[in-house]
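According to the working numbering, the sequence shown is numbered sequentially starting from 37.
Inspection log for the structure reproduced underneath, given as structure tokens.
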Amino acid sequence: MNNTTDLLEHLANLLGRNGVITDAPDIEPYAVDWRKLFPGRPVCVVRPSSSAQVAQVVQACRDAGVPLVPQGGNTGLAGGAVPDVSGTQVVLSLNRMAAVRNVDAVGMTIEAEAGCILKVAQDAAAAAGRLLPISLAAEGSATIGGVVAANAGGVNVLRYGMTRSLVLGLEVVLPDGTIANGLRKLRKDNAGYDWKQLFIGSEGTLGVVTAAVLRLLPRPKHSVTALLSVTDPDAALQLLELAQDELGDQISAFELISRTSLQLVEKHAALKPPIAEGEWFVLIEAASSLAGMREAAEAMLGSAFEREIALDGVIAESGAQAAQLWALREHVTESEAREGKSVKHDVSVPLTAIPRFLVEAGQALAAGAPGTLVNVFGHLGDGNLHYNVLVGARHDADAINRIVHDVVAAYGGSISAEHGIGQYRVGELARYRSPVEMEMARRIKRALDPHGLLNPGKVLLP
Ligand code: MLT
Ligand code: ZN
Numbered sequence: 037m038n039n040t041t042d043l044l045e046h047l048a049n050l051l052g053r054n055g056v057i058t059d060a061p062d063i064e065p066y067a068v069d070w071r072k073l074f075p076g077r078p079v080c081v082v083r084p085s086s087s088a089q090v091a092q093v094v095q096a097c098r099d100a101g102v103p104l105v106p107q108g109g110n111t112g113l114a115g116g117a118v119p120d121v122s123g124t125q126v127v128l129s130l131n132r133m134a135a136v137r138n139v140d141a142v143g144m145t146i147e148a149e150a151g152c153i154l155k156v157a158q159d160a161a162a163a164a165g166r167l168l169p170i171s172l173a174a175e176g177s178a179t180i181g182g183v184v185a186a187n188a189g190g191v192n193v194l195r196y197g198m199t200r201s202l203v204l205g206l207e208v209v210l211p212d213g214t215i216a217n218g219l220r221k222l223r224k225d226n227a228g229y230d231w232k233q234l235f236i237g238s239e240g241t242l243g244v245v246t247a248a249v250l251r252l253l254p255r256p257k258h259s260v261t262a263l264l265s266v267t268d269p270d271a272a273l274q275l276l277e278l279a280q281d282e283l284g285d286q287i288s289a290f291e292l293i294s295r296t297s298l299q300l301v302e303k304h305a306a307l308k309p310p311i312a313e314g315e316w317f318v319l320i321e322a323a324s325s326l327a328g329m330r331e332a333a334e335a336m337l338g339s340a341f342e343r344e345i346a347l348d349g350v351i352a353e354s355g356a357q358a359a360q361l362w363a364l365r366e367h368v369t370e371s372e373a374r375e376g377k378s379v380k381h382d383v384s385v386p387l388t389a390i391p392r393f394l395v396e397a398g399q400a401l402a403a404g405a406p407g408t409l410v411n412v413f414g415h416l417g418d419g420n421l422h423y424n425v426l427v428g429a430r431h432d433a434d435a436i437n438r439i440v441h442d443v444v445a446a447y448g449g450s451i452s453a454e455h456g457i458g459q460y461r462v463g464e465l466a467r468y469r470s471p472v473e474m475e476m477a478r479r480i481k482r483a484l485d486p487h488g489l490l491n492p493g494k495v496l497l498p
């Protein structure tokens with residue numbers, strides 16, 4: 037096969053005409069990320085409907101020397117699932133492999149295909165009385181394969197860990213087109229290298245995730261949601277310590293929202309918090325199979341007022357009110373986008389360094405990029421903040437990234453806590469990770485994908 041026409045013909049023979057998209061308007065949703073920051077131009081989009089077909093597609097593209105870009109729900113924030121503009125890459129969409137294969141309520145596992153929407157998997161687990169605790173704003177579109185490939189975070193990491201901690205088994209198509217089937221349902225499996233860990237969070241650069249077995253948990257019957265206000269991030273950390281003392285490991289979310297975030301939500305989504313006082317707000321959720329959550333939350337609130345950690349606070353009286361409190365948090369990203377251009381950061385620093393990080397990053401920006409507005413929110417319980425800088429057109433994104441990330445690095449933090457590297461942070465990863473770590477990553481890439489045909493330009497520079 038020596039040209040694109042031959043490859044397209046071959047792919048159509050393998051997948052049928054419906055399995056290959058070549059018309060420009062139909063390609064468009066696969067060619068660009070949802071924020072429209074990373075527009076690409078693929079040769080075509082292929083939509084295999086089984087792991088065997090994925091393997092055949094990978095083999096065909098390998099033989100033709102054509103790069104592949106695996107794609108799930110295309111909800112990522114780092115441009116990791118979209119092709120470049122060269123017109124030479126094939127998008128491999130997993131959206132036809134969408135089945136929940138089984139839910140085991142006793143063994144507490146779910147097996148799903150890569151293109152299964154996260155919400156569908158959550159609902160299947162719930163129908164069996166179990167909890168799939170990965171929870172993100174994009175859960176209605178994000179897919180299991182994408183979530184695994186990105187090692188997605190979200191709002192429940194504090195209690196349940198990142199996606200990695202929930203993956204029990206994985207099936208992956210390797211860059212040479214062979215299928216590695218490790219769809220085991222074992223909680224204990226220490227037999228040799230745990231190779232699946234390489235693919236979790238590799239953003240489709242080492243293999244194509246085609247199916248996964250995820251761990252489920254008992255579904256909590258009781259939950260409580262509270263919104264509290266505090267004067268500063270230091271008080272928010274004191275509140276975290278108090279909440280951990282009072283609610284223990286029942287806390288599933290501990291989210292920080294700045295006043296700026298809430299102002300944006302009020303302006304663009306017409307949502308107002310039920311408490312007014314305070315510069316910083318904390319949304320706490322706790323859940324348990326046992327009763328008494330509300331009483332525990334009331335005791336925590338009482339201590340927070342008594343010790344003058346919290347200024348104001350409210351506990352949701354109903355599921356509907358809890359949803360209203362969550363809506364404040366969930367509308368931040370969308371409201372920020374409506375406000376205008378922003379330079380986003382998804383950083384983590386050791387928890388106790390957060391107040392100092394915020395002061396220093398603020399000072400550095402005031403000096404280096406005056407006139408910008410910082411919108412801070414995120415997963416405080418995980419030490420992970422979305423530190424987004426709203427800019428006028430005149431500001432240089434690279435300079436702002438450098439200012440923020442240098443402060444992150446000074447505190448031993450990470451420039452990508454949960455969104456991954458994709459193409460967005462590829463240059464910065466090389467800057468902030470040590471040469472030894474970068475060389476290890478390159479060796480792993482070379483070992484698995486010697487011709488560099490799987491998602492080139494993502495995570496590592498080619
Ligand atoms: C969030 O926590 O809401 C997401 O990671 C999205 C974002 O950073 O905007
Ligand atoms: Zn987040």
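Think of the CB as a built atom: it goes at the ideal place given N, C-alpha and C, for glycine as much as any other residue.
Proximity below 8 Å, CB of cysteine 80 to CB of leucine 44: yes
8 Å contact criterion, which alanine 157 and isoleucine 146 should meet: CB distance rounded: 6 Å
Give every residue whose Cβ lies closer than 7 Å to any heavy atom of ligand 3, listed in chain order. Among the ligands modelled here, namely ligand 1 and ligand 2, ligand 3 does not occur.
Since I believe arginine 461 is in contact with serine 452 (beta carbons under 8 Å), could you give me their beta-carbon distance rounded to a whole number of angstroms? 6 Å
How would you call proline 211, buried or exposed, if buried means at least 16 neighbouring beta carbons within 10 angstroms? The residue in question, proline 211, is buried, as its Cβ has 16 or more Cβ neighbours within 10 Å.
Give me the DSSP bridge partner(s) of tyrosine 423. Val412
Could you check what DSSP says for cysteine 97 in three-state terms: helix, strand or coil? helix
Assuming valine 191 and alanine 248 are in contact, meaning their beta carbons sit under 8 Å apart, how far apart are those beta carbons, in whole angstroms? The pair is not a contact, with the Cβ atoms about 20 Å apart (cut-off 8 Å).
Between which two residues does the beta strand (DSSP E) holding serine 265 run? According to the DSSP assignment, serine 265 belongs to the beta strand (DSSP E) that extends over 258-266.
Secondary structure at glutamine 89, three-state DSSP: helix, strand or coil? helix
Can you name, in chain order, every residue of its own chain whose Cβ lies under 7 Å from the Cβ of asparagine 187, other than the five neighbours on each side? Met198, Thr199, Arg200, Ile236, Gly237
Are the Cβ atoms of alanine 426 and leucine 401 separated by less than 8 Å? Reading off the sequence, residue 426 comes out as leucine, not alanine. It is not a contact, given that the beta carbons lie outside the stated cut-off.
Count Cβ pairs between the segment 51-67 and the segment 167-179 that sit closer than 8 Å; are there 3 or more? no
CB of valine 368 to nearest heavy atom of ligand 1: below 7 Å? True, at least one ligand heavy atom lies under 7 Å from that Cβ.
DSSP-derived helix/strand/coil call for methionine 37: Residue placement at methionine 37 cannot be trusted, given a pLDDT of 46 that sits under 50; what the coordinates show is reported in the next sentence. Methionine 37 falls in the coil class under three-state DSSP.
Short check: CB of glutamate 282 to CB of alanine 332, under 8 Å? yes
Please classify arginine 251: does DSSP put it in a helix, a strand, or coil? Strand.
Can you tell me the Cα-Cα spacing of alanine 346 and arginine 295, whole angstroms? Linking alanine 346 to arginine 295 through their CA atoms gives a straight-line distance of about 15 Å.
So threonine 246 packs on valine 90, CB below 8 Å; how close in whole Å? 5 Å
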